[in-house]
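Same order as they appear, the protein sequences are chains A and B. All letters in the first sequence, in the order written, are residues 70 to 175 by the numbering used here. All letters in the second sequence, in the order written, are residues 239 to 534 by the numbering used here. Idealized CB from N, CA, C, for every residue including glycine.
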Amino acid sequence: MMRLDVIVTQFPDLEIVELTGWIDRGWVRPEPDGRFEAIDIARVRLIYDLRRSLNVAEDAVPMILALLDQVYDLRTTLKAVSAALETQPPGVRDAVLAAMAGAAAP
Amino acid sequence: MDDPYKLLGVERDASEATIQKAYRKLAKLHHPDLNPGKPEAEAKFKQISAANALLSDPEKRAAFDRGEIGADGTPQAPRDFYRGHGDRAGRTKYQSEPSFGDDDLESLFRNAFGQRSRGGFAMKGADLHFTLSVGFIEAAKGAVKRLTLPDGGPLDVTIPVGLKDGAILRLKAKGQPGAAGGPAGDALIEISVAAHPFFKRDGNDVIVDLPITIQEAVVGAKVRVPTIDGPINLTIQPRSNSGTRLRLKGRGIAGGHQFVELRIVLSPSEEPALEAFLAGWTPVHPFDPRAGMAPS
């Protein structure tokens, strides 16, 4: 269980004001009781990297986050599809793979 | 670690700004959270981060240049990257808006499979493949054959009239059941038609070699001929030759004909009277059946 003031101590030059701004814009969404879960801290670190190391402009961050969220959602979905296919008879799997190969071809 | 200058692709006398620019360019390419599908991105990102940490600190950079510290002078703490969380199944936080939720997913698959249903995405069941051997007459006239499915259930297969060897019957929805309201797969049945002892087939025509005695060939006769619908009487005209082809109209398959090819067969037993007669026989019209084969 970590709070705002504890989080900022993990970053050399991150002020509570800036982190609060990220939360206000919805980039990071701590639990309703203010608790940061591991995923929230990892997300703070990602935004910190974008802003500091990669020098991403502030107004480009929401776009990058939105695209990343879609990528991760799609990856989760594809994994679910892939797991569902695992349980199908070989004939079904082969048919799906063949259809995918056909769809991927120019 | 490799030479930090090489890692960042900069000269040894590069300015701080050049180093920072080179690092940012590489970090944007290799940041693990931006590359969830590339496991190798994490090691690469750590290398360039370490190289940047070393070269962007003037004191450390000078020490490295003098050879006082190695490239590994700035060990990095292990880090919990976002992608480990973003890829986790069942994650509800930070879903993209609008949520790529169940409804969306379902409609995606409904479109993909071209059907409508509710409750999970519908998938067509798998097709089942069988081979079925049918008799010549069954294939010619049609029949109903019973197959036993893998689950023990019976499956009645209607053999249509005139089915050909190697044909594949598709029984709709007789395969594996579909998932979540999807249609069942089909049963695909490959037909092999067994050979018949005397019927042969050419398209929808049936061909029979009909053995006749020499007496029947010479003086004519009424004989019984098998057809796929049962034997019928056939008149052999006097002086019918071996190889003569007679057509039984409409006695073939589905409107085809049956062709009867006469074949004169000698009795396997001795026939002294016939031999004596033929030995002393002088034809009225001398005839050389091999005249056409004489060398010219």
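Listed in chain order, the beta strand (DSSP E) elements of length 3 or more contained wholly in the segment 399-474 of chain B are 406-409, 425-431, 437-440, 443-450, 459-463 and 470-474. Here DSSP, grouped into helix, strand and coil, assigns D82 of chain A to coil.
Note that the C-beta distance between D424 of chain B and G413 of chain B is below 9 Å. If you draw a straight line from the Cα of R485 of chain B to the Cα of E513 of chain B, it comes to about 33 Å. Going by DSSP, P296 of chain B is part of no beta strand (DSSP E) but of the alpha helix (DSSP H) stretching over P296 to D303. When the beta-carbon positions are compared, D93 of chain A and Y332 of chain B stay at least 9 Å from each other. Excluding sequence positions up to five before and after A378 of chain B, its CB lies within less than 6 Å of the CB of I466 and I491, all in the same chain and listed in chain order.
The DSSP-derived three-state label of T146 of chain A is helix. Closer than 9 Å to the CB of R321 of chain B there is at least one CB belonging to chain A. Close partners of G160 of chain A in chain B (Cβ separation under 7 Å): A364 and D365. Using a Cβ-Cβ cut-off of 9 Å, L88 of chain A does not count as an interface residue toward chain B, since no Cβ of chain B sits closer than that to its own. Proximity of I76 of chain A to chain B, defined by a Cβ-Cβ separation below 9 Å, is not satisfied. The residue from B:G322, B:H268 and B:R439 with its alpha-carbon nearest to that of L123 of chain A is B:H268. Distance between D118 of chain A and R329 of chain B, taken at the CA atoms: about 22 Å. Against I92 of chain A, chain B offers no close residue; the least beta-carbon distance is about 13 Å (beta-carbon pairs closer than 7 Å). Distances from the CA of V130 of chain A to each of A:W91, A:D163 and A:S151 were compared; the closest alpha carbon is that of A:W91. The alpha-carbon of V161 of chain A is positioned some 11 Å away from that of L366 of chain B. Burial state of D109 of chain A is buried, judged by a 10 Å Cβ sphere holding 16 or more other Cβ atoms.
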